[in-house]
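Trainee: Let me begin by handing over the structure; questions about it come next.
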Amino acid sequence: MCNSKLTGAKCFNKGLLTLRPDIKDVKSARETLGHGTQTSSIAAGTSVEGVSYFGYANGTAKCIASQAKIAMYKVYWDVGGYASDIDAAIALFGAVQKGILVSYSAGNGGAIPGNLHNGIPWVVTTTAGSVDRWAIFIFDYPLHEVKVPGVVICSKDASKVIHYATMAQNPFASIMFGQTFTGLKPAPTVSVSSARGPSSSFPCILKPDIMAPGSLVLASWIPDLRAAQTGRSKFFTLEWSPTAIRSALVTTANPLDNTLNPIRNGDEDYQFASPLDMGAGQIDPNRALVPGLVYDANPQDYVSFMCFMNLTKKQILAITSSNNYTCSNDSFHDLKYPSLIAFYNDDVKLMKRTYERILTNVGKGFVT
1 MCNSKLTGAK
11 CFNKGLLTLR
21 PDIKDVKSAR
31 ETLGHGTQTS
41 SIAAGTSVEG
51 VSYFGYANGT
61 AKCIASQAKI
71 AMYKVYWDVG
81 GYASDIDAAI
91 ALFGAVQKGI
101 LVSYSAGNGG
111 AIPGNLHNGI
121 PWVVTTTAGS
131 VDRWAIFIFD
141 YPLHEVKVPG
151 VVICSKDASK
161 VIHYATMAQN
171 PFASIMFGQT
181 FTGLKPAPTV
191 SVSSARGPSS
201 SFPCILKPDI
211 MAPGSLVLAS
221 WIPDLRAAQT
231 GRSKFFTLEW
241 SPTAIRSALV
251 TTANPLDNTL
261 NPIRNGDEDY
271 QFASPLDMGA
281 GQIDPNRALV
291 PGLVYDANPQ
301 DYVSFMCFMN
311 LTKKQILAIT
321 SSNNYTCSND
331 SFHDLKYPSL
341 IAFYNDDVKL
351 MKRTYERILT
361 NVGKGFVT
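Below, the structure is given as structure tokens:
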């Protein structure tokens, strides 16, 4: 049944076909893997009651903006994707010029410093975090092709099982299916799969910007099922510029978990996360509606930044599609960006860096 939710769909594959002319199945915008359907339902799906993933996470599925429409651009395929296609599909700088906020994933390169994608200053770069809900999933395929029927107990829990079996007078065990756990602590944590900053393309801009729920998110799936997968949240729109909205999201993000301690990385070491792991912290949409002060950069500010980065006039024109911008003498330290980053050598014992920022008051009365 058509509900006019999808206003259009287009695929971009010239870059892929140029390098891989043997590929035959990349000429359609039709969904094949399910990830596009999943993220679309998170952003603009219809609320549905009584949904679950085979009994897990039973409840009402809700989206971010149920009245929104979706224009789908397919730029990534089973065999990968190429930057030329992504540039053609997103038109990042042009979107900012037209007042559209662009949100990008930090990537799934894992917890390796400097492997973050999408460090472009005029987009919101989002990393994935866990939620305070969990489930024990039962899979019917072999683990590492070890085809031995039985129950696998991780070494972390083995000592508890051994202790119980040896100490209890009448030990017994049972297996519970469809168990969903809520209110887990601590949460959130930074996803192990999420890439870390800084970005190699723009290392002088602190990325990622924020963290959003991105693990075990229940959403729609193809053909008509639902699945818990990894994705990123989509954002609201206001009568503000894209950079003002990003500033509101960043400056009101929460760096603490639900135990009121600093957010940690979700890997085995469980160390405290740095801004290069999680940005400013977990997104808080309600607080972002009343940020007080915002860092509101405009396209000219970004052009000045590109000039400082020694981009040529030809490169800047390719990005902006306009000759109406000029270079200034501003330092990249003065870009109206809602975060700060400084680089120094290991042998430097003392370093002084001055940052200047011009802020806009979007609140009522005086704000500091």
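With the UniProt record's numbering applied, the sequence shown covers 1 to 368. Every residue, glycine too, gets a C-beta built ideally from N, C-alpha and C.
Name the DSSP bridge partner or partners of Met72?
Mentor: Paired residues: Ala9.
Trainee: At the level of alpha carbons, what is the spacing between Thr7 and Ala68?
Mentor: Roughly 10 Å separates the two Cα atoms.
Trainee: Would you list, in sequence order, the uninterrupted alpha helix (DSSP H) runs of no fewer than 4 residues that lie entirely inside the UniProt domain "Peptidase S8/S53" (89–218)?
Mentor: DSSP runs (the alpha helix (DSSP H)) wholly in the UniProt domain "Peptidase S8/S53" (89–218): 92–97, 155–167.
Trainee: Check Val51 in the structure and name its three-state DSSP category.
Mentor: Three-state DSSP puts Val51 in a strand.
Trainee: Buried or exposed: which applies to Cys11, given that a residue is buried once 16 or more other Cβ atoms fall within 10 Å of its Cβ?
Mentor: With 16 or more Cβ atoms within 10 Å of its Cβ, Cys11 is classed as buried.
Trainee: Would you tell me roughly how many angstroms separate the C-alpha atoms of Phe236 and Ala65, rounded to the nearest one?
Mentor: Confidence at Phe236 is low in this model, with a pLDDT of 43, below 50, so its placement is unreliable and no value can be given for it.
Trainee: Along the alpha helix (DSSP H) that carries Asn286, what are the first and last residues, could you check?
Mentor: Residues 285–288.
Trainee: Between the C-alpha atoms of Ile162 and Arg133, what's the straight-line distance to the nearest angstrom?
Mentor: The straight-line gap from Cα to Cα measures roughly 27 Å.
Trainee: Taking the alpha-carbon positions, what's the Ile112 to Ser201 distance?
Mentor: Straight-line Cα distance between these residues: approximately 16 Å.
Trainee: Does DSSP classify Pro262 as helix, strand or coil?
Mentor: DSSP places Pro262 in strand when its eight states are reduced to three.
Trainee: List the DSSP bridge partners of Val294.
Mentor: Looking at the DSSP assignment, Val294 forms a beta bridge with Thr360.
Trainee: Name the residue from Leu16, Ala187, Asp157, Val123 whose alpha carbon lies nearest to the alpha carbon of Tyr244.
Mentor: Note that residue 244 is Ala in the sequence shown, not Tyr. When each option's Cα is compared against that of Ala244, the closest is Val123.
Trainee: Hey, how far is the Cα of Thr259 from the Cα of Leu184?
Mentor: Approximately 10 Å between the Cα atoms of the pair.
Trainee: How many Å lie between Val290 and Ser47 at the Cα?
Mentor: Computed Cα separation, rounded: 26 Å.
Trainee: How long is the line joining the alpha carbons of Thr18 and Asp267, rounded to whole angstroms?
Mentor: One C-alpha to the other measures close to 39 Å.
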